[in-house]
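Taking it in order: structure first as structure tokens, then the write-up.
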Amino acid sequence: MRGTSVTWAAWAALGVLSAPSLAGAQPVAPVPVAAPAAAAPGPEVPEQYRTLLATCDDPTATKDARDAAGARLVAGGDPGVVAAVTGRIAAASPAAEPLLGAIARSPTPRAELFAAVRDFVQIAPDDRIVAGLSALGSFRTPEAVETLLAATTPQRPSAVRAAAFRALGRLTGRDDLAEDRAGWLSWYEDTRGLDRAEWNAVIVAGLARRSDRLAAEQARAGSRLTDAFRRLYLVVSGSTTEDRPALLVSLLLDDRDELRSLGFELVTRELSAGGAVDPTVGAAVIRLLGHGSATVRAQAAALVSQMAPAGAGEAVAAALSAEKDPVAAAALLTAAARWPTPHLSGPAIRWATNGPETRAGAVQLLLALARAEMVTADEVAPVCRLLMATDPLELTPPELRLLAAMGGQGGREHVAAALKGAGPGRRLAAAEALCEQPGFGTAVLDAAATDPALFDAAARAVASQRMGEDGLRRLLHSPAPTPAARNSGVAMAAEMAPLPVVAHLAADLAAPADRELLLGYLMEPRIGPSLEDPSIVGRGLLLLAQARLDMGRPDAALPTLAAIPEGGGIDPATIQNLRTVALLWTGKIEEAAESSAPVGIWLDGLERAITQPHADEIAKAIESRFGATMSPVDRARLAALTERARAIARDSQVPPP
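Mapping the sequence shown onto the numbering used here, position 47 (from 1) lands on 109, and the numbers just tick up by one.
So, in structure tokens, the structure goes:
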């Protein structure tokens, strides 16, 4: 609302600005008034403020001491303190300067102080008036504007005018008007009829615009500064090794957010490149764990976890114990998982139940503590109850692992529900968490029957829970992500199973590759004496040798046959016959001739080696060794195999070009 108000009439009556000046004429300088007479005794100053007043009154005290005392006095709201402050300012006493300086630095000084500041401006000589003008800039009222405009007349010294213009800019946010007196008078005329609410709106708008301008300027300046330091870093990187750490430390510990962020960026880049970071840089990052900004503490925690500088574990633990902000706590919890210590169980449990923002990091830390046996199931019970109250399909992989490890039978049953219907990551986490838990192997195998990603967990379940022949058979028929993963998983499970069970299953399998997969571990070096019955070992090795022959690997079958223990219950003739076949197949005809294997075995060897270049030599050796004693059936078989071998040899010859 616009209009002439009593307030404006009162300002005019004060003579601060005359009516012609409001119409655009030059206002005259105010006439100095005499210092006010001594005031009647006012409220008593509390004891704790008397020393502060004495410091302000003492011109021999240091400037810092007087400024600090002035700040405390100006902020005090006790009536006796306010009276003492206003009296000293209005009288332009020696204490006025530190008090006015405190008011000038205050964004919202007490309204009761305005009249005293105005009085000071009206009576102070030009060499002292600047302090009062600066203080007036903190009172965002029309009265303050009028008083400041009166100090901008051409008759006033340039230093006084400059101080008044600066105060006007701070008061209104219109620093764009600079020292344009005509512009200020025009602005004043536009606002002189406003009521208090409208005036406040104008001032707030001006201050907001100035804030935006300053923020934009600061951003531009920060960007230029960051670019300059980035270029400096590139220069320093090619110089001595001492320069780069010193620059990184200075960036990390700088008060400016832009430079600190650049420091984080450059250190992270060095770590990603595999470079060694100087210990002084690590120490600087550790210092930032105590920074006043939660965001900075979080960044420092993440970097400490990545760098692992000396003393990081103790520093992270101390910071986490004192942390109150969830953003910083989340990063500290994740970092602390790298250095678990028993006394961190309390903060981990507290933050795990504090909300979703910190639960992930807290669960990671609790998992680390659980693996290190630094926390008990009873301590973690509140967290497990919280997780069991959550839909298992929504639990994260670490939460599933923690619940399976520390949640007892009920927790594991809750995790098992995630094997059905959860996303791939959660299904895998649930399977891995349950595969070594007694009673849950079947559930893992059931889930793995349709999900190749769970094959490894299923293999671990069969191995760790000794699931016997049925478990091995189911594992053999489960889909695997790759052939190598299948071979590794089945071999591991077979080695952990009793050999009689494995041998019985191998004898029942049609695929020789599966038989070899189950029994291949028998040929691997074993530490210490075997706990298996030699007869069982012999049977297993015999099955393995037969599987390798069936797979076309006579070179692998020979050492397997040689490993069969004597007295293992295997007929020596059986071993000799299989060895003869393998020797003939590999072209070791003279060595095969040392055995007493019958003609049928030699014919078997010829048939196995039918595609080999030495097949015709085997046929001739058979004719030479058994020619006079062969039955018509054996001779007919030899003739057929010989002709077949020669036909294969002819077909394999490459015609001349």
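The beta carbon of each residue, even a glycine, is placed where N, CA and C say it ideally should be.
Between Q499 and the rest of its own chain, which residues show a CB-CB distance below 7 Å, the 5 nearest in sequence each way excluded?
A466 and R474
So, at 8 Å on beta carbons, what are the nonlocal neighbours of D696 in its own chain, with the 5 sequence-adjacent residues on each side left out?
In the same chain as D696, and ignoring 5 residues on each side of it, the C-beta atoms closer than 8 Å to its own belong to V661, G662, L665 and F688, in chain order.
Using DSSP with H/G/I as helix, E/B as strand and the rest coil, what is Q88?
In this prediction, Q88 scores a pLDDT of 38, lower than 50, which makes its location untrustworthy; the coordinate-derived value is nonetheless stated afterwards. It is coil, neither helix nor strand.
For the alpha helix (DSSP H) containing A397, name the first residue and the last one.
P388 to A398
Local conformation of L256 per DSSP, three classes:
DSSP places L256 in strand when its eight states are reduced to three.
Just the Cα atoms here: how many angstroms apart are A102 and A146?
In this prediction, A102 scores a pLDDT of 49, lower than 50, which makes its location untrustworthy; no coordinate-derived value is stated.
Close Cβ partners of S168 (< 7 Å) along its chain, the five nearest in sequence each way excluded
Around S168: V136 and S200.
Exposure of L294, with buried meaning 16 or more beta-carbon neighbours within 10 Å:
Only exposed fits L294, as fewer than 16 other CB atoms lie within 10 angstroms of its CB.
P371 versus G344 - alpha carbon distance:
5 Å
Quick test of your reading: V311 and A346, contact by CB under 8 Å. State the CB separation rounded to the nearest angstrom.
5 Å
Assigned exposure category for T170 - 16 Cβ within 10 Å defines buried
exposed
Environment of A99 [buried if 16+ CB atoms lie within 10 Å]
Residue placement at A99 is poorly supported in this model, since its pLDDT is 42, which falls under 50; the coordinates still yield a value, given next. It is exposed - the Cβ of A99 has fewer than 16 other Cβ atoms within 10 Å.
Taking one C-beta from the region 238-251 and one from the region 283-297 each time, how about it: are there three or more such pairs within less than 8 Å?
Proximity of the region 238-251 to the region 283-297 falls short of the contact definition, fewer than three beta-carbon pairs being nearer than 8 Å.
To the nearest angstrom, how far is it from the Cα of S379 to the Cα of A308?
A quick correction: the sequence has Ala, not Ser, at residue 379. Roughly 27 Å between the two C-alpha positions.
What residue range does the alpha helix (DSSP H) around M450 cover?
A439 to M450 is the extent of the alpha helix (DSSP H) around M450.
Kindly give me the distance between the Cβ atoms of L668 and L703, rounded to whole angstroms, as I take these residues to be in contact under 8 Å.
Indeed they touch by this definition, with Cβ atoms about 5 Å apart.
Can you say whether A616 is buried or exposed, counting buried as having 16 or more other CB atoms within 10 angstroms of its CB?
Checking the sequence shown, residue 616 turns out to be Pro, not Ala. Within 10 angstroms of the beta-carbon of P616 lie 16 or more other beta-carbons, which makes it buried.
Touching or not, the region 253-265 and the region 219-231, by the rule of three or more beta carbon pairs under 8 Å?
no
For R712 and I651, what's the separation of their Cα atoms in angstroms?
22 Å
Member of V564, A525, A677 and A164 whose CA lies at the smallest distance from the CA of L581:
V564
Look at the alpha carbon of A377 and the alpha carbon of L457, and state the distance between them as a whole number of angstroms.
Taken atom to atom, the span from the alpha-carbon of A377 to that of L457 is near 31 Å.
Roughly how many angstroms lie between the CA atoms of A15 and L605, to the nearest whole one?
With the chain represented from 63 up to 719, any question about residue 15 goes unanswered, as that position is not in the structure.
Assigned secondary structure, M558 (DSSP; H/G/I helix, E/B strand, else coil):
helix
Cutting at 6 Å between CB atoms, please list the residues of its own chain near A393, excluding the five before and the five after it.
A360, A363 and A364
For a quick check, are the C-beta atoms of L314 and V329 less than 9 Å apart?
Going by C-beta atoms, L314 is nearer than 9 Å to V329.
Mind pulling the alpha helix (DSSP H) runs of 4 or more residues that sit fully within the region 146-188?
158-167 and 176-185
N416 by DSSP, collapsed to three states: which one?
Residue state, collapsed to three classes: coil.
Report yes if the C-beta of L276 is less than 8 Å from at least one heavy atom of the ligand MG; otherwise report no.
In the structure shown, the ligand MG is absent, as is every other ligand, since no ligand is present at all.
Tell me the rounded alpha-carbon separation between D119 and L162.
So the alpha carbons of these two residues sit roughly 13 Å apart.
Give the straight-line distance between the Cα atoms of A619 and M585, rounded to the nearest whole angstrom.
11 Å
Tell me which residues share the same chain as M529 and place their Cβ nearer than 6 Å to its Cβ, disregarding the 5 neighbours each side in the sequence.
G503
Whose C-alpha, out of D319, A520, F326 and L321, is nearest the C-alpha of A493?
A520
Does DSSP classify V347 as helix, strand or coil?
helix
The alpha helix (DSSP H) with W664 in it runs from where to where?
V661 to R670
Determine whether the beta carbon atoms of Y111 and D129 lie at a separation below 9 Å.
no
E435 to S323, Cα distance in whole Å?
Distance between the alpha carbons of E435 and S323: 38 Å.
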